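*Asks:*
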Amino acid sequence: MKNTIVFPALILSSSILLVACGGSGSSASSAAEESRTVVGTVDGFGSVIVNGVHYQSTDTEFEINDSGGVENQLRVGQLVIVEGRDDGSEGVALRISYDADIRGPVTSVDPATSSIVILGQTISVDAMTVFSGVDLETITVGQYLEVSGLRDSNGIVLASYIELEDSTDIELRGTVADLDDVAMTFTIAGMTVDYGSVATLDLEDSAISNGMLVEVEGSLDTGVLVASKVEQEDMYRDHDGEIRVFGYISAYDAIAGTMTIGGTEVLLTSSTEYEDGTQAQLALNATVKVQGSFNGDGQLVAAEVEFESEVKLELEGPVTAVGDGTLTVMGITTTVDTRTRVRDERDDEYYFNLDSVVTGDYVELRLTVDADGSYRALRLEREDSDSHVKITAPIDSIDIVSGTVTMLGVTVDLSALSALDVATLVVGGYLEVKGSFDGSVIVATEAGEDDRYEDHDEDDSDADDSDADDTEDDESEND
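The following block contains the structure:
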């Protein structure tokens, strides 16, 4: 649903993401194409899929970590910038660039909070984070990792991609703060950077300043990043066409009517349209996509703001059916489309997609629930076969006598778990269950309450209430 809202400008601040996939792929549609720059995460390959658009990449120029590159150096989950043209469904990528946000040694890791620290930066891991060569349970202090992700309003990096590094390169990208021109230092999210040894700063502006987005390379010396290179980052300001960005709101000013996404100020007007949400849902760390063009003041004027779907459910198990744009696990059918982040962990098939999946394949799914109640996969990953299944979802019903519950319409037998008191469970509460599936019932071998996604359901309730309020207001105005 789209709503055109009239209100004074707002200020949002959000780190950006961009979706892209490489590969040869079908040619672009013959419909009218527009020149665009798109920022987001790589969601799959076979063509460059950016925000649901398939970009042909046969003649694309690639830049990987400031050097010339090739398509197969890209990985699912990495944040990239795509410059090209498209008609909203298909298009052509002229240039794709990727640059890591953090490269350096791990100084701490906390599986309990799903976080690690590198170069003084707290990095958060969630259900959409893609790992390569390592995972949260195997990360150790001293390992060098490459991280790609977005910063929230607290400066925390929400990782979309983490890779175990062979090199010991040090790199950090972020916003300049606490600039001291005399000492020639500044900080990035608390990490002190000494740039006194840099002969020439690579800047588009005349001088370094607080609030500037920069990339720093160098070495560590007693907790200080001694820079050998400082480069001002400017993702797309020189682009004259339409811009599509996606990220977390890191600042919000309803009176000013502007928002800042990845260091770019976004202007909201009476013509701005809202999709899958309303103005009332704009808040710190909300995830949105913005489409628009720059004005003469360097502001991105938003034509449309779209609220991003959040993970609400998890499934792991063998596929029992594959349909046209759907697959079924444990009797639960979900849609898989161009917005689904896909990856093949089992065979490492680079151009993996739904057509690669066959009945019997073991998959991990991260799902959202669309407005019509149907399930849609935000992430699909094929894994090595496992005799167990797993489900994380709210409880639909409870039978204390039999020791069973239902989740997403599937009966779960908890009676063998002495450590879990079924009488303490509540309908609507989230439960994570691991066990065996006989075709109709999951017999649990492990289970525990899980509140990771409960706030996502609350967000949806708020959205429903906002939609209802908007409808009532419209009806009142019509009266």
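The sequence shown stops at residue 548 when you use this note's numbering, and every number in between is there.
A virtual CB, placed ideally from N, CA and C, is assigned to each residue, including glycine.
As the structure is a prediction and not an experimental result, all values here were calculated from the model.
Mapping DSSP to helix, strand and coil, what is D468?
*Replies:* On the sequence shown, position 399 is the one that residue 468 refers to. The answer is strand: DSSP assigns D468 an E or B state.
*Asks:* Could you check where the beta strand (DSSP E) with E200 kicks off and where it finishes?
*Replies:* Here residue 200 refers to the residue found at position 131 when the sequence shown is read from its first residue. According to the sequence displayed, residue 200 carries Phe and not Glu. V199 to S201 is the span of the beta strand (DSSP E), which, as asked, contains F200.
*Asks:* Flag this pair as touching only if the region 228 to 235 and the region 194 to 212 have three or more C-beta atom pairs under 8 Å; answer yes or no.
*Replies:* Judged by Cβ distances under 8 Å, the region 228 to 235 makes contact with the region 194 to 212, as three or more pairs qualify.
*Asks:* Let's see if you can read the secondary structure: which residues bound the beta strand (DSSP E) around A462?
*Replies:* Counting from one through the sequence shown, the residue named residue 462 turns up at place 393. Run containing A462: V458 to P463, per the beta strand (DSSP E) assignment.
*Asks:* Assuming M476 is part of the beta strand (DSSP E), what are its boundary residues?
*Replies:* Within the sequence shown, the letter at position 407 stands for residue 476. That run of the beta strand (DSSP E) goes T473 to M476.
*Asks:* With distances taken between CB atoms, is the gap from D263 to V293 smaller than 8 Å?
*Replies:* On the sequence shown, position 194 is the one that residue 263 refers to. On the sequence shown, position 224 is the one that residue 293 refers to. Closer than 8 Å, so yes.
*Asks:* Using CA atoms only, rank isn't needed, just tell me which of D424, D413 and D465 is closest to E452.
*Replies:* For the purposes of this step, residue 452 is identified with residue 383 of the sequence shown, where counting begins at 1. The residue with the shortest Cα to Cα distance from E452 is D413.
*Asks:* Return the residue from the list D249, N120, D170 and E102 that minimises the CA-CA distance to D135.
*Replies:* By one-based count along the sequence shown, residue 135 stands at place 66. If we check each option's Cα against that of D135, D170 comes out closest.
*Asks:* Express the C-alpha separation of L336 and G365 in angstroms, rounding to a whole number.
*Replies:* Indexing the sequence shown from 1 puts residue 365 at position 296. Indexing the sequence shown from 1 puts residue 336 at position 267. Going by the C-alpha atoms only, they are around 12 Å apart.
*Asks:* For S297, does the three-state DSSP call read helix, strand or coil?
*Replies:* As a first step, residue 297 is located in the sequence shown; it is residue number 228 there, counting from the start. Three-state DSSP puts S297 in a strand.
*Asks:* Roughly how many angstroms lie between the CA atoms of V295 and Y419, to the nearest whole one?
*Replies:* Against the sequence shown, residue 295 aligns to sequence position 226. Against the sequence shown, residue 419 aligns to sequence position 350. Distance between the alpha carbons of V295 and Y419: 37 Å.
*Asks:* Below 8 Å CB to CB, which residues in the same chain sit around S466 once its five sequence neighbours on both sides are set aside?
*Replies:* Mapped onto the sequence shown, residue 466 falls at position 397. Same-chain partners within the cutoff: V474, T475 and V496.
*Asks:* Would L382 and A462 be called neighbours here (beta carbons separated by less than 8 Å)?
*Replies:* In the sequence shown, the residue the question calls residue 382 occupies position 313. In the sequence shown, the residue the question calls residue 462 occupies position 393. Result yes, Cβ atoms of L382 and A462 sit closer than 8 Å.
*Asks:* Would you decide whether T562 is buried or exposed? Buried here means 16 or more other CB atoms lie within 10 Å of its CB.
*Replies:* There is simply no residue 562 to check, as the chain begins at 70 and stops at 548 in what is shown.
*Asks:* Can you tell me whether Q368 is helix, strand or coil according to DSSP?
*Replies:* Here the question's residue 368 lines up with position 299 in the sequence shown. Note: Q368 maps to coil in three-state DSSP.
*Asks:* DSSP three-state call for E541: helix, strand or coil?
*Replies:* As a position in the sequence shown, residue 541 is number 472, starting the count at 1. Low confidence applies to E541: its pLDDT is 44, below 50, so where it sits in the model is not reliable, and the reading given next is rough at best. Helix, per DSSP.
*Asks:* Counting Cβ pairs closer than 8 Å, one from the region 432 to 449 and one from the region 398 to 412, do we hit at least three?
*Replies:* The answer is yes - the region 398 to 412 touches the region 432 to 449, with three or more Cβ pairs under 8 Å.
*Asks:* If you run the structure through DSSP and keep just helix, strand and coil, what is S98?
*Replies:* Here residue 98 refers to the residue found at position 29 when the sequence shown is read from its first residue. Note that S98 has pLDDT 43, beneath the 50 cutoff, so the model's placement of it is unreliable and the number below is only indicative. DSSP places S98 in coil when its eight states are reduced to three.
*Asks:* Using 8 Å as the Cβ pair cut-off and three pairs as the minimum, do the region 237 to 247 and the region 204 to 211 touch?
*Replies:* Short answer: they don't touch.
*Asks:* What are the partner residues of T261, as DSSP defines its beta bridges?
*Replies:* Within the sequence shown, numbered from 1, the residue matching residue 261 stands at position 192. DSSP, once it has assigned bridges, lists T256 as partnering T261.
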